[in-house]
Amino acid sequence: MLNLIRNEWMKLWHKKATWIMAGLLVLILIGVSGIGKWAQSNMMQPENQPTWEQNLTETQAFTKAQLAEPNIDKEFKKQLEEDLAIIDYRLSQNEPPIDPGSREQHILDSNTMLSLVLMFAVIAAASIVAAEFSQGTIKMLLSRPVKRWKILTSKYVTTILYALVLTVIAIISAVIAGFIFYDSGSGVLLDVQDGKVVEISYWGRVIALYALQFVGVIVFTTFAFAIGSVFRTSSLAIGLSIFLLFMGPNIVFFLREYEFTKYILFTHIDLTGYITGNMFVQDITWPFSVAVLLMYMLLFLFISYWSFTKRDITA
Amino acid sequence: MEQQPIVELRQLSKTIGKKKIIDNLNLSLFPGQITGFLGPNGAGKTTTIRMMSGLMKPTSGEVVVEGQTLNDHFEETMSKVGVIVENPEMYKYMSGWKNLLHFARMDKTVTKERIIQVVEQVGMQNRIHEKVSSYSLGMRQRLGLAQALLHRPKFLILDEPTNGLDPAGIREFRTYLRKIAVEDGVSVFVSSHLLSEIELMCDRIAIIQNGQLIDLREMNQVEEAHYYIEAQPAEQASELLIAQGLVLEVSGSGFIAKVEQVQIPSIIHSLVAANLEVFAVQPFRKTLEDQFLEMTGGGQIAESHKK
Numbered sequence: 034m035l036n037l038i039r040n041e042w043m044k045l046w047h048k049k050a051t052w053i054m055a056g057l058l059v060l061i062l063i064g065v066s067g068i069g070k071w072a073q074s075n076m077m078q079p080e081n082q083p084t085w086e087q088n089l090t091e092t093q094a095f096t097k098a099q100l101a102e103p104n105i106d107k108e109f110k111k112q113l114e115e116d117l118a119i120i121d122y123r124l125s126q127n128e129p130p131i132d133p134g135s136r137e138q139h140i141l142d143s144n145t146m147l148s149l150v151l152m153f154a155v156i157a158a159a160s161i162v163a164a165e166f167s168q169g170t171i172k173m174l175l176s177r178p179v180k181r182w183k184i185l186t187s188k189y190v191t192t193i194l195y196a197l198v199l200t201v202i203a204i205i206s207a208v209i210a211g212f213i214f215y216d217s218g219s220g221v222l223l224d225v226q227d228g229k230v231v232e233i234s235y236w237g238r239v240i241a242l243y244a245l246q247f248v249g250v251i252v253f254t255t256f257a258f259a260i261g262s263v264f265r266t267s268s269l270a271i272g273l274s275i276f277l278l279f280m281g282p283n284i285v286f287f288l289r290e291y292e293f294t295k296y297i298l299f300t301h302i303d304l305t306g307y308i309t310g311n312m313f314v315q316d317i318t319w320p321f322s323v324a325v326l327l328m329y330m331l332l333f334l335f336i337s338y339w340s341f342t343k344r345d346i347t348a
Numbered sequence: 053m054e055q056q057p058i059v060e061l062r063q064l065s066k067t068i069g070k071k072k073i074i075d076n077l078n079l080s081l082f083p084g085q086i087t088g089f090l091g092p093n094g095a096g097k098t099t100t101i102r103m104m105s106g107l108m109k110p111t112s113g114e115v116v117v118e119g120q121t122l123n124d125h126f127e128e129t130m131s132k133v134g135v136i137v138e139n140p141e142m143y144k145y146m147s148g149w150k151n152l153l154h155f156a157r158m159d160k161t162v163t164k165e166r167i168i169q170v171v172e173q174v175g176m177q178n179r180i181h182e183k184v185s186s187y188s189l190g191m192r193q194r195l196g197l198a199q200a201l202l203h204r205p206k207f208l209i210l211d212e213p214t215n216g217l218d219p220a221g222i223r224e225f226r227t228y229l230r231k232i233a234v235e236d237g238v239s240v241f242v243s244s245h246l247l248s249e250i251e252l253m254c255d256r257i258a259i260i261q262n263g264q265l266i267d268l269r270e271m272n273q274v275e276e277a278h279y280y281i282e283a284q285p286a287e288q289a290s291e292l293l294i295a296q297g298l299v300l301e302v303s304g305s306g307f308i309a310k311v312e313q314v315q316i317p318s319i320i321h322s323l324v325a326a327n328l329e330v331f332a333v334q335p336f337r338k339t340l341e342d343q344f345l346e347m348t349g350g351g352q353i354a355e356s357h358k359k
């Protein structure tokens, strides 16, 4: 199996597209940071910016007003109470939040750029099986003393490894861009754990956000891999995956009132909501999300293995 | 020839949609023997070869390699089989060497030394590290042969192997096949449209039409004797020959007669005695092409069953 993965890895990196995607990722991530910084410095900065204490006092009053409303959702209430606890703690202990213009905040926000990684990983996943068909090499590949499921597994593992490499490149690029364009700021991250406000590790939070975004990358990559191996053409797989990537959140938004939305894949793609508290759909817990995602992944993989091992090669 | 066959096709059938592409095909292939596989377009050659190389599954029947069925013992049987599909498609963006390395890694027994040895055997050592996209068709064919030989197969399947080889290359290829068949006892199965090629290369030919094996014959089989006879004036000659009970067929300015060798002297004698001018009396061998067209009825494409 290791040899098969080495084969796939070798083929992957001999393709120009692989290098171009990795290079583009670095360029775009650093470029976007540069443009963002440039735009920020060109903006008119109003005189007497409010201090963080003033901002927080305002938010505190607003949150209290919301809590005072009679019939608010239980989950939402709990969320607001935690927010309020953190604000109170910050004001009383003089612990400022992370400065929005700082390097730290920039790196923290950069996890959303993994959608770029997702797109590139989808392209690789869609073509790793389909390309063997379009090149005609599939006949050479499958007339070997290796069972087909092993070959497919090596391709899947390689795709996931490539997605992982791209993610690491993205983190490193974001950090480099942070160091080039932004200055370090002060501030700490706080969270409520077991009813108490505690300080949490900054890098721990960065890694956690990236890891949760990576889950979405894996799910979409698996989807594209399955479509690519069933239809044996990469364009359909890439098109469909990217279409769903953009349409998914809209679909969930339109259907958010219905019960079955809980079982739609896209409701669970962005798990960072469990950390940041921005959830579209209420009443779902993270074990439930993980279970739904696993079911979909298994379904995609089952279709892909079934199709690859059972069907004749007529190309 | 009471040898154990290396490969047996047992009642092999393949139905695609409602169309029977291969119908109850039985064939045994023996070590050291080169078998040609002929048939008009659409007769089912490619389908048969794909079932033998694990790319398609038979609807019924089985492919057996040294007593093990391909379906149940895929890895064991395929490690004895080398395949060159028509126009071997390689990974063009990699060098020839990396392509071979790729296929070598898919078989536990192939070492680096073996790759070097095979590269030398096919005469590619000077350009093996260049990208395949820069290779000519002939070089790709050589690389295709190299990848099929890496794991020292006991059975070699070749689908249209000489496409794109120049005459010298074809001859070299033929000699090489003969060599591995004789020296290593490899059984070779060659499909081709080039009948003259098959004729020169094979010990035996199998002819398939509409998914059925219609003929299997040894190439060195004694054929019915035919002679070409040319004598002038032609009319008198034909009368004389027919009078001797020969069946004639006009060919150019002479005739082809079905006649045993022992009768030839008396025929010449009678022609000379009748004062005819004899230009030629020579053995006439029907080419494989003639025989093939005769057997397959002109070789028109079998009823359409496009995949």
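Chains as they are written, first to last, in my numbering: chain A, 34 to 348; chain B, 53 to 359. Each residue gets a CB set at the ideal place from its N, CA and C atoms; glycine is no exception. Keep in mind it's a predicted model, so treat the numbers as computed, not measured.
ask   = Along chain A, which residues have their Cβ under 9 angstroms away from the Cβ of B:L107?
value = Counted from its first residue, the second sequence places residue 107 of chain B at position 55. By Cβ distance, chain A contributes I171, K172, L175, S176, D345, I346, T347.
key: Cross-chain neighbours of B:M253 in chain A, by beta carbon under 9 angstroms   = Locating residue 253 of chain B in the second sequence gives position 201, counting from the first residue. Within 9 angstroms Cβ-Cβ: nothing; B:M253 doesn't reach chain A, min ~22 angstroms.
message = When you compare the CB of B:M176 with every CB in chain A, is at least one pair closer than 8 angstroms?
response = One-based indexing of the second sequence puts residue 176 of chain B at position 124. False, the Cβ-Cβ gap to chain A never drops below 8 angstroms.
ask   = To which residues of the same chain is B:T121 closer than 6 angstroms at the C-beta, ignoring the five residues directly before and after it?
value = As a position in the second sequence, residue 121 of chain B is number 69, starting the count at 1. Cβ contact annotation for B:T121 (same chain, cutoff 6 angstroms, sequence separation greater than five): E114, in chain order.
key: Continuous alpha helix (DSSP H) stretch holding A:E232: start and end   = Numbered from 1 along the first sequence, position 199 holds the residue referred to as residue 232 of chain A. Element bounds for A:E232: not the alpha helix (DSSP H) but the beta strand (DSSP E), 229 to 233.
key: A:K111: contacting residues in chain B (beta-carbon distance under 9 angstroms)   = Working through the first sequence from its first residue, we reach residue 111 of chain A at position 78. Near A:K111 there are no residues of chain B at all, since even the closest Cβ is about 56 angstroms away, more than 9 angstroms.
message = Just to make sure I have the definition right: I need the residues of chain B whose C-beta is within less than 8 angstroms of the C-beta of A:Q168. Which are they?
response = Locating residue 168 of chain A in the first sequence gives position 135, where the first residue counts as 1. Per Cβ cutoff of 8 angstroms: E141, Y143, K144.
query = Just checking, does the region 266 to 274 of chain A make contact with the region 169 to 189 of chain A on the three C-beta pairs under 8 angstroms criterion?
reply = The region 266 to 274 of chain A is not in contact with the region 169 to 189 of chain A.
query = Can you give the beta carbon distance from B:V240 to B:L202, rounded, assuming they're within the 8 angstroms contact cut?
reply = Walking along the second sequence from the start, residue 240 of chain B turns up at place 188. Walking along the second sequence from the start, residue 202 of chain B turns up at place 150. That belief does not hold up - the Cβ atoms of B:V240 and B:L202 are roughly 16 angstroms apart, past 8 angstroms.
key: Interface partners of B:V117 on chain A, CB under 8 angstroms   = The residue given as residue 117 of chain B occupies position 65 in the second sequence. Neighbours of B:V117 on chain A: none; closest Cβ ~11 angstroms, over 8 angstroms.
query = In this structure, what does DSSP give as the bridge partners for B:D211?
reply = To locate residue 211 of chain B, count along the second sequence from 1; it is residue 159. DSSP output for B:D211 lists B:S243 as bridge partner(s).
Euclidean distance between Cα positions of A:L298 and A:T254 = The residue labelled residue 298 of chain A in the question sits at position 265 within the first sequence. The residue labelled residue 254 of chain A in the question sits at position 221 within the first sequence. Here the C-alpha atom of A:L298 lies approximately 14 angstroms from the C-alpha atom of A:T254.
Any C-beta of chain B under 8 angstroms from that of A:V263 = Taking the first sequence and counting its residues from 1, one reaches residue 263 of chain A at position 230. At a cut-off of 8 angstroms between C-beta atoms, A:V263 does not count as an interface residue with respect to chain B.
request  = With DSSP collapsed to three states, give me the class of B:E291.
outcome  = As a first step, residue 291 of chain B is located in the second sequence; it is residue number 239 there, counting from the start. The answer is helix: DSSP assigns B:E291 an H, G or I state.
Bridge partner(s) assigned by DSSP for A:G207 = To locate residue 207 of chain A, count along the first sequence from 1; it is residue 174. In the sequence on display, residue 207 of chain A carries Ala and not Gly. A:A207 is not bridged to any residue.
inquiry  = Please identify, using Cβ separations under 8 angstroms, the residues of the region 35 to 61 of chain A that lie next to chain B, in order along the chain.
reply    = Those would be N36, L37, R39, N40, M43, K44, H47, K48, K49, in chain order.
query = Using 8 angstroms as the limit for Cβ to Cβ distance, is A:K180 near chain B?
reply = Start at 1 with the first residue of the first sequence, and residue 180 of chain A comes out as number 147. It does; some Cβ of chain B falls within 8 angstroms.
ask   = Looking at the unbroken beta strand (DSSP E) that takes in B:G196, where does it start and where does it end?
value = On the second sequence, residue 196 of chain B is found 144 positions in, with the first residue counted as 1. Careful: B:G196 lies outside any beta strand (DSSP E), inside the alpha helix (DSSP H) at 189 to 201.
ask   = Whole-angstrom Cβ separation of A:V269 and A:I308, contact assumed at under 8 angstroms?
value = Residue mapping note: residue 269 of chain A aligns to position 236 of the first sequence, counting from 1. Residue mapping note: residue 308 of chain A aligns to position 275 of the first sequence, counting from 1. A quick correction: the sequence has Leu, not Val, at residue 269 of chain A. No, A:L269 and A:I308 are not in contact; Cβ-Cβ is about 35 angstroms, not under 8 angstroms.
ask   = Going by the CB atoms, is the gap between A:A159 and A:G261 shorter than 8 angstroms?
value = Start at 1 with the first residue of the first sequence, and residue 261 of chain A comes out as number 228. Start at 1 with the first residue of the first sequence, and residue 159 of chain A comes out as number 126. Cβ atoms of A:G261 and A:A159: closer than 8 angstroms.
task = With 7 angstroms as the C-beta to C-beta threshold (strictly closer), list the residues of the region 119 to 134 of chain B near chain A in chain order.
result = Of all residues in the region 119 to 134 of chain B, F126, E127, M130, S131 have a Cβ within less than 7 angstroms of some Cβ in chain A.
Simplified DSSP assignment, three categories, for B:V274 = Residue 274 of chain B sits at position 222 when you count from the first residue of the second sequence. Reliability fails at B:V274, whose pLDDT of 49 lies under 50, so the model's placement of it is uncertain and the value that follows must be treated cautiously. Three-state DSSP puts B:V274 in coil, outside helix and strand.
inquiry  = At the 8 angstroms Cβ level, is B:K150 part of the contact set with chain A, yes or no?
reply    = Numbered from its first residue, the second sequence carries residue 150 of chain B at position 98. With 8 angstroms as the cut-off, B:K150 counts as an interface residue toward chain A.
task = Assign A:M76 to one of two classes, buried (16 or more other C-beta atoms within 10 Å of its C-beta) or exposed (fewer than that).
result = If you number the first sequence from 1, residue 76 of chain A lands on position 43. Exposed: under 16 other Cβ atoms inside 10 Å.
task = Determine, using beta-carbon pairs with one atom in the region 255 to 262 of chain B and one in the region 76 to 91 of chain B, whether at least three such pairs fall under 8 angstroms.
result = Counting C-beta pairs closer than 8 angstroms gives three or more between the region 255 to 262 of chain B and the region 76 to 91 of chain B, which meets the contact rule.
ask   = In this structure, does DSSP put A:D116 in helix, strand or coil?
value = Sequence index remark: in the first sequence, residue 116 of chain A carries index 83 (1-based). Looking at A:D116 - three-state DSSP - the assignment turns out to be helix.
query = In this structure, does DSSP put B:D159 in helix, strand or coil?
reply = Working through the second sequence from its first residue, we reach residue 159 of chain B at position 107. Correct three-state label for B:D159: coil.
task = Kindly indicate which residue of B:S185, B:G148, B:S186 has the alpha-carbon position closest to the one of B:I168.
result = Here residue 168 of chain B refers to the residue found at position 116 when the second sequence is read from its first residue. If we check each option's Cα against that of B:I168, B:G148 comes out closest.
message = So the candidates are A:L304, A:A55, A:W52, A:G64; which of them puts its Cα closest to the Cα of A:A210?
response = For the purposes of this step, residue 210 of chain A is taken as the residue at position 177 of the first sequence. The option with the nearest alpha carbon to A:A210 is A:G64.
request  = For B:H154, return the contacting residues in chain E, with the cut-off set at a CB-CB distance below 8 angstroms.
outcome  = This model lacks chain E altogether, as its protein chains are A and B.
key: Counted within 10 angstroms of its Cβ, other Cβ atoms place B:V274 as buried (16 or more) or exposed   = Mapped onto the second sequence, residue 274 of chain B falls at position 222. Confidence at B:V274 is low in this model, with a pLDDT of 49, below 50, so its placement is unreliable and no value can be given for it.
inquiry  = What residue range does the beta strand (DSSP E) around B:I319 cover?
reply    = Walking along the second sequence from the start, residue 319 of chain B turns up at place 267. Premise fails: B:I319 lies in the alpha helix (DSSP H), 316 to 325, not in any beta strand (DSSP E).
task = For chain A, find out if any of its Cβ atoms is closer than 8 angstroms to the Cβ of B:V302; answer yes or no.
result = Numbered from its first residue, the second sequence carries residue 302 of chain B at position 250. It does not; no Cβ of chain A falls within 8 angstroms.
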